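A short write-up of the structure that comes next.
Protein chains in written order, with the numbering used here: chain B, 1 to 788; chain U, 1001 to 1251.
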């Protein structure tokens, strides 16, 4: 008998059962994929470094005679437990071309090596380990492929020394050490035989050869100190620093975490709503069964069986959809990271089972009312007592609303609980989009400029011509070069002054501990052009400004002195200020312009900067940027906002993620609106029929239903817009903080993004509610006769 | 008396499981202005279907339903809604009301949707007057679950009358009420009829039917007989005579 009651119920309550079933699937997809992605991203870099077997400390030796230079030193350090080594050849822009001869962009030094000689693990886009490359083929870092619009099967030419080879791209590789956008060192893995040709070339071996050591140790500080006097050492990276290089990736990846958490909350809310709704629909039957003497336990079991069947089937379907859905989300934000977790899809299974339990538990708790209710109470849809609670709506006599709008407002005010789910869901979703859009807008403005140097009108980041001056003892020739450039541009009708930002590598001593650290010096800029968070700008050549990271490293602070040697013997340098910088991941010390730097310690020429002296408008600056590109043939000339975007690296991904999020939010909004509106229609069949019976047109009923969603969505948008500013600060600032940037001045586009994105969500809601509400046309006034 | 409603060869057929069920078979009927007509008959005879088909609540399969000189059987959607709003009132056995509105707001809702009937204040005044007339003004601000069944049905009558309809349809208006509430509701309907409103109602109750001017007896989808109540008789005599007639019809 119960079987047949159940069968009939599934048929009769088809709409609500289907709605619940769909919500269970959606909840299972969101919860399962969300949980897996959450774990994967929270594991983040730790999982990636462990999986790829990155060392605790990385040492890159480069420069003349670098191959074989550092290994003895590495072997001699007792704190080093073990190490692996890769022999490589460094290449620069111009060494990598397409077959057509077109140069491919290599922002920082590229690295050629053999896959057989790898010192850590590398992975393909699906996170499968790469172990071989066919002869004549090459594996290339994924970001290099993306940046240059290349794909597997394309052919590239690598030329260094006297060796020139054409290689077909076998595929992309994920490089946990140097693969992040912040490092931007592309790797080119050849087979042993192909790579040997480069090593056999004398120029390649002696001048461009190098070694990368992956060092495993428990004491990175000791290793760092021991290696600080290794002058052939190009770069040294403790794993903590590599982690920071992925912070920008993590900002992007964290959008998935936030999205996942949002989707989980949404799933929970809508599920709770639907189960409550669905069971309240069943109360009448429960009452009848009680009235004819069926025991509470059996009634409860009957409904639990129904919800169990729906939840099991829905969760299983949701689980299978959650795997590609989760992967899609994760891939879209972390193409160059090896994200995952030890347990993999077990998290999806746990998520789906969680939803299954949640549904059954909710059904169990809600059907618990069965016990408490008398048959007649149950028939009265679970309300107890003859007189129910007074509704808290508005009065038609006390306002000027048209009936459709009045009914909508009154419904919301009378039963706010019913609409809380929609408000919370839409607020959360829109808030998420706005937080990401605020971050993206900030990245696309000059608001972060101070983190990458001083303000200027034009930035030139392709400074390859500066290499000519690197053999000079000091910076005088380079200064002359930029002044000449400024004169040339002035003569061309663009009066300007020029400056150049340089980085050096020097040993620094504080309280007896030695550190090899990066230093920045801006030639031709004023020290007061930098933005300091504390203290005063260095005023003399023996004064420096440090970042918070340096204080964290060694404890030195404003007022302390460190010891440096510029070649004339040790000098005491006084720390006068702290600044925020994202150059060299914040691990940089600012030198005074007059500090006696030596080009033998130069690391890079970061950029030339030009400031126009005739105070041009932004439009004129942009025109001049275009003109300069034409004049010089240099594509890497940009205005302040473009430069900022270039430095942040992940703007394009963030922008794409913001759009993807908007799309997902729109899908969620459509799903929630359709399913909720269908639930409302099912619940309000009698009211719809009665309004029609008293002469309301279909259009009035549709407007009534659409207005409800319009009002709650509008409220949700206001909440989201209001919360987005504090939430952006709360969520995004700590991530910038990890890179040394605090007190971020976000670019809130009040009349752009704050209007556009909520308007899109609002429009989606209204259109969806309208299309769904068309179903009310099917309810006719004669249906009043068939309503129980 | 002018004819308010004229029904010719009205048929209504349902198809259930590929089986054709003819619920109404060529019904012919005229209702004059100011009449109060009761439709009686055994369960399943087609009483409610007739009421719904002639009131524009349902579409007849064939035939003509002339109301105010226009054939409403061919009308659809908005046209019918307009007529229901402005010219017809409807009372159901179950006292359907909007659950989130107070009694007065429920009554005023059709008035505010209508473009006729004066200003908002005039409409509010009219709603209150109707409530006062039907003795429920005290519950104007109550929620629908705070009043008795009789009060609720009287509120339904107020709602049906708010736009001053030409005709009032009632489907067993006292069916869900006890005897005393039933009498109260019938008193109000008779009063409205005496004031000129044409009323057509379906009822099982001969006591209720005896208060109407004319009784139609419907069997198997067709009007088998008509009976004119004698208004000059006492209530009890009228009811007795009607019962006798109904027994003759096979009731």
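Cβ atoms here follow ideal geometry from the backbone N, Cα and C, with glycine treated the same way.
Every value quoted in this text rests on a predicted model; they were computed, and no experiment measured them.
Residue of the options minimising C-alpha distance to residue i
i, options, result
"residue 481 of chain B", "B:173, B:550, B:314, B:499", "B:499"
"residue 436 of chain B", "B:156, B:747, B:70", "B:747"
"residue 1069 of chain U", "U:1146, U:1031, U:1194, U:1118", "U:1031"
"residue 585 of chain B", "B:274, B:96, B:451, B:174", "B:451"
"residue 140 of chain B", "B:531, B:129, B:152", "B:152"
"residue 67 of chain B", "B:569, B:728, B:138, B:200", "B:200"
"residue 313 of chain B", "B:142, B:18, B:79, B:743", "B:18"
"residue 59 of chain B", "B:297, B:359, B:623, B:80", "B:80"
"residue 608 of chain B", "B:504, B:522, B:538", "B:522"
"residue 1199 of chain U", "U:1177, U:1055, U:1071, U:1127", "U:1055"
"residue 593 of chain B", "B:615, B:525, B:545, B:216", "B:525"
"residue 11 of chain B", "B:306, B:686, B:123, B:226", "B:306"
CB contact check: residue i to chain U, cutoff 9 Å
i, result
"residue 384 of chain B", "Reliability of the predicted coordinates at residue 384 of chain B is poor, the pLDDT of 40 falling under 50, and no value is obtained from them."
"residue 677 of chain B", "no"
"residue 423 of chain B", "no"
"residue 700 of chain B", "yes"
"residue 403 of chain B", "yes"
"residue 691 of chain B", "yes"
"residue 410 of chain B", "yes"
"residue 407 of chain B", "yes"
"residue 442 of chain B", "no"
"residue 696 of chain B", "yes"
"residue 397 of chain B", "yes"
"residue 243 of chain B", "no"
Whether residue i touches residue j by CB criterion (9 Å)
i, j, result
"residue 776 of chain B", "residue 670 of chain B", "no"
"residue 350 of chain B", "residue 661 of chain B", "no"
"residue 83 of chain B", "residue 214 of chain B", "yes"
"residue 304 of chain B", "residue 41 of chain B", "no"
"residue 91 of chain B", "residue 188 of chain B", "yes"
"residue 220 of chain B", "residue 239 of chain B", "yes"
"residue 1012 of chain U", "residue 1060 of chain U", "yes"
"residue 258 of chain B", "residue 731 of chain B", "yes"
"residue 29 of chain B", "residue 321 of chain B", "yes"
"residue 1034 of chain U", "residue 1217 of chain U", "no"
"residue 359 of chain B", "residue 299 of chain B", "no"
"residue 554 of chain B", "residue 511 of chain B", "yes"
"residue 112 of chain B", "residue 169 of chain B", "no"
"residue 1045 of chain U", "residue 1220 of chain U", "yes"
Residue-chain proximity (residue i, chain B), Cβ-Cβ < 9 Å
i, result
"residue 1160 of chain U", "yes"
"residue 1104 of chain U", "yes"
"residue 1231 of chain U", "no"
"residue 1021 of chain U", "no"
"residue 1252 of chain U", "What is shown of chain U runs 1001 to 1251, which leaves residue 1252 of chain U out entirely."
"residue 1239 of chain U", "no"
"residue 1116 of chain U", "no"
"residue 1170 of chain U", "no"
"residue 1129 of chain U", "no"
"residue 1014 of chain U", "no"
"residue 1097 of chain U", "yes"
"residue 1120 of chain U", "yes"
"residue 1155 of chain U", "no"
"residue 1134 of chain U", "no"
Distance between beta carbons of residue j and residue i, contact taken as under 8 Å
i, j, result
"residue 535 of chain B", "residue 595 of chain B", "Not a contact, Cβ separation roughly 17 Å."
"residue 1081 of chain U", "residue 696 of chain B", "6 Å"
"residue 1104 of chain U", "residue 1131 of chain U", "7 Å"
"residue 530 of chain B", "residue 454 of chain B", "6 Å"
"residue 1158 of chain U", "residue 1107 of chain U", "5 Å"
Contained alpha helix (DSSP H) runs [length at least 4] in the region 528-557 of chain B, N- to C-terminal order: 548-554
Whole runs of the beta strand (DSSP E) within the region 450-511 of chain B, excluding any shorter than 3 residues: 458-460, 496-510
Length at least 4, wholly inside the region 57-113 of chain B: the alpha helix (DSSP H) runs in chain order: 71-76
Inside the region 197-279 of chain B only - beta strand (DSSP E) runs reaching at least 3 residues: 209-217, 233-238
Entirely enclosed beta strand (DSSP E) segments - the region 1065-1118 of chain U, minimum 3 residues: 1088-1091
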